[in-house]
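>
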Amino acid sequence: MSGLPGACSAASASNVVDGLHRLMDHFGLVFAASDWIVPPEGAWTFIGDLNPQRAVGVTVTTTSPSPHAQALRHRLAEQLARGGYLRDPAWLDAFRAVPREAFLSHFAVPSPDGDHRVWDLGDVAARDDALAAVYTDTPLLTQRDAEGSATSSSTAPSLMALMLEALQVRDGMNVLEIGTGTGYNAALLAHRLGSDRVTSIDVDPGLVDTARRSLERAGYRPAAVCGDGAAGFSPRAPYDRLIATCGVARIPESWLRQVRPGGVILASVGFGLVRLTVSQPGGPASGPFLDYASFTPIRRTTEQVSPTTRDDLALADGNGATRRVPFPGWEVLEERMVVFLRSVAMPGVRQVTLDSRAGKEYVLADHVTGSWARVRQNHEDEAQAVENGPRRLWDELCVVAESWLAAGRPPLASYGLEVGSDGRHELWWESSGGRRVSTFPLPPA
Ligand SMILES: C[S@@+](CC[C@H](N)C(=O)[O-])C[C@H]1O[C@@H](n2cnc3c(N)ncnc32)[C@H](O)[C@@H]1O
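Numbering follows this note's numbering, in which position 157 of the sequence shown is assigned residue number 143; successive positions increment by one, without gaps.
1. Residue 386 to residue 273, Cα distance in whole Å?
2. Could you check which residue in 84, 123, 343 has the C-alpha nearest to that of residue 96?
3. Taking 7 Å as the limit between beta carbons, can you name the residues of its chain near residue 77, skipping five residues before and five after?
4. I want to know whether the segment 259 to 269 touches the segment 201 to 221 - three or more CB-CB distances under 8 Å.
5. Can you check whether the CB of residue 197 is closer than 9 Å to the CB of residue 169?
6. Given a cut-off of 9 Å on the beta-carbon distance, is the pair residue 311 and residue 369 in contact?
7. Relative to the alpha-carbon of residue 404, which residue among 239, 75, 183 has its alpha-carbon at the smallest distance?
8. By Cβ distance, which residues of its chain are closer than 6 Å to residue 329, with the 5 residues on each side in sequence left out?
9. Can you say whether residue 287 is buried or exposed, counting buried as having 16 or more other CB atoms within 10 angstroms of its CB?
10. Is the distance from the Cβ of residue 351 to the Cβ of residue 408 below 9 Å?
11. Assign residue 353 to one of three DSSP states: helix, strand, or coil.
12. Grouping DSSP H, G and I as helix and E and B as strand, with all else coil, what is residue 432?
13. Contact check, residue 401 vs residue 313 under 8 Å by CB: the rounded distance?
14. So for residue 55, helix, strand or coil by DSSP?
15. From the DSSP output, which residues share a beta bridge with residue 94?
16. Taking the alpha-carbon positions, what's the residue 117 to residue 79 distance?
17. Ligand 1 heavy atoms versus the CB of residue 130: any closer than 8 Å?
18. Any idea if residue 366 is buried or exposed, counting beta-carbon neighbours within 10 angstroms, 16 or more meaning buried?
19. According to the Cβ coordinates, are residue 235 and residue 431 closer than 9 Å?
20. Residue 159: beta carbon under 8 Å from a heavy atom of ligand 1?
21. Kindly provide the ranges of any alpha helix (DSSP H) runs that are 4 or more residues long and lie completely inside the segment 159 to 241, ordered along the chain.
22. Tell me which residues share the same chain as residue 270 and place their Cβ nearer than 7 Å to its Cβ, disregarding the 5 neighbours each side in the sequence.
23. Per DSSP, what kind of secondary structure is residue 72 in: helix, strand or coil?
24. Considering only residues of the segment 296 to 372, which uninterrupted alpha helix (DSSP H) runs meet the minimum length of 4 residues and lie entirely inside it, listed in chain order?
25. So, are the CB atoms of residue 126 and residue 120 less than 9 Å apart?
26. Using DSSP with H/G/I as helix, E/B as strand and the rest coil, what is residue 416?
27. Can you tell me which of the three DSSP states residue 109 falls into?
28. Is the separation between the beta-carbon of residue 374 and that of residue 356 shorter than 9 Å?
29. The beta strand (DSSP E) with residue 404 in it runs from where to where?
30. Hey, how far is the Cα of residue 57 from the Cα of residue 191?
31. Which residues bound the alpha helix (DSSP H) around residue 291?
32. Given residue 218, which residues of its chain have a CB within under 6 Å of its CB, disregarding the five upstream and five downstream residues?
33. May I have the straight-line CA-CA distance separating residue 222 from residue 199, to the nearest angstrom?
34. Between which two residues does the beta strand (DSSP E) containing residue 387 stretch?
35. Among residues of its own chain, excluding the 5 on either side of residue 304, which ones have a beta-carbon nearer than 7 Å to its beta-carbon?
36. Leaving out the 5 sequence neighbours to the left and right, which residues in its chain are closer than 6 Å to residue 301 when beta-carbon positions are compared?
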């Protein structure tokens, strides 16, 4: 499916289930910087219609400059600058110049009550309100499958700004973006660096076709290509910078090979945004976690179907062995750092908290091995676990939580990741005593 610009096939007929599940993995938690703030599955309802085929913006209804849109755009850019997300005047200029609405037609906005409001920029009567929604600092759902799971979105502008600043670009640099989506981020990059310096790849040919048209209409011509971004895009390598706008469990080896020494890879690994500097071709690469971030997970193909929360609960509904286990407390289990560390240390393991009259239950599910654990607190520091499958997921989680507690609860900013040339990932953390490697290993994803 990969190829040079122009080699993309027509939109795939099936828009498939993406990883809304992964984002609901931690529902109940709201990250400061999120691609998504996702409600529980039951609240995933739509006001209006967000048809997958129409949602990808086959008809982009607006590119003409509107004074109203421009005023809103400038206001949002200033808001991002005041919030400390935009510091470099060149990025402020890009956010003031590139019209986000040019990359959208139908889109959905999460509302505080958990519902989603769907907007159509082609609806003249509602256009001003739709534009106001475009220029709020929120992620916009732009594509979903028939079951309502997100397959693409326009990331919250503050997270986009944070990432673009963190990319530390300079004039003349070549950038590879993984996850073209609407094309808005590619347009910002093209505005900043010049179209010839930007390559953007998305696994979904329909999205690439639409993004390419939107980009052209907005006056940008970066290379927008179809393919699995996990393989990078070697025809235009080496890159000075690689920015992934879909989430990964591990950094693919191809990224280490295609980014030049001294270059930077910025990606969301688990629920943390990490900036790695590549020291040699093919690695190693190392760098700090910068913030919490939760992205639409990478898909190897558009046909990939991910489990949902319903699937997690169905898996963990069977009979299992019962035992008494130590319980670190809900405050620790729900602590962002523990959620983050679990996402990195236990890739693919999904978590749901059930809160009913009978009390709270912590559920872990691993669909690869069929392992699961359901844990309910008995006493202050003791719980009853019901488990099945080859993995003892509760024990694995406790090792992660205990290691963080024993380290004195370091904040995210103390943590970093090292990726070896052999692909091995190592989590490190720094304190006044120097840098240490985490006591739990990071298995391959
Ligand atoms: C959060 S959206 C990207 C937002 C985009 N940067 C924008 O400005 O609109 C994540 C995107 O990653 C894409 N994606 C998922 N798996 C991928 C893969 N293996 N290779 C490339 N793109 C992928 C999805 O199709 C989706 O469009």
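All C-beta atoms, glycine included, are put in the ideal place defined by N, C-alpha and C.
A quick look at the data gives this:
1. In a straight line, the C-alpha of residue 386 is about 21 Å away from that of residue 273.
2. 123
3. Exclusion of the five residues before and after residue 77 leaves 147, 150, 151, 178 as the residues of its chain whose Cβ lies within less than 7 Å of its Cβ.
4. no
5. yes
6. Taking 9 Å as the Cβ cut-off, residue 311 and residue 369 qualify as a contacting pair.
7. 239
8. Non-local C-beta neighbours of residue 329 in its own chain, meaning closer than 6 Å and more than five positions away in sequence, comprise 256, 257, ordered along the chain.
9. Taking all protein chains in view, the Cβ of residue 287 is surrounded by fewer than 16 other Cβ atoms within 10 Å, so the residue is classified as exposed.
10. no
11. coil
12. This structure gives no information on residue 432, because the portion of the chain shown stretches from -13 to 431.
13. Actually they do not touch by this definition, with Cβ atoms about 25 Å apart.
14. Three-state result, residue 55: helix.
15. For residue 94, the beta-bridge partners assigned by DSSP are 104, 127.
16. 20 Å
17. No; taking the cut-off as 8 Å, the Cβ of residue 130 has no heavy atom of ligand 1 nearer than that.
18. exposed
19. Yes, these two residues count as a Cβ contact at 9 Å.
20. no
21. 170 to 179, 191 to 203
22. Excluding positions up to five away in sequence, the list reads 404, 405, 406, 407.
23. coil
24. 316 to 319, 322 to 331
25. yes
26. strand
27. coil
28. Yes; because the gap between Cβ atoms is below 9 Å, this pair is in contact.
29. 401 to 405
30. As the crow flies, the alpha-carbon of residue 57 is around 33 Å from that of residue 191.
31. No alpha helix (DSSP H) contains residue 291, which DSSP labels as neither H nor E.
32. Residues of the same chain with a CB within less than 6 Å of the CB of residue 218, apart from the 5 flanking positions on each side, are 240, 241, 244 in chain order.
33. 21 Å
34. Unbroken run through residue 387 is the alpha helix (DSSP H), 379 to 392; no beta strand (DSSP E).
35. Closer than 7 Å at the Cβ level, and outside the excluded window around residue 304, lie 374.
36. 351, 358
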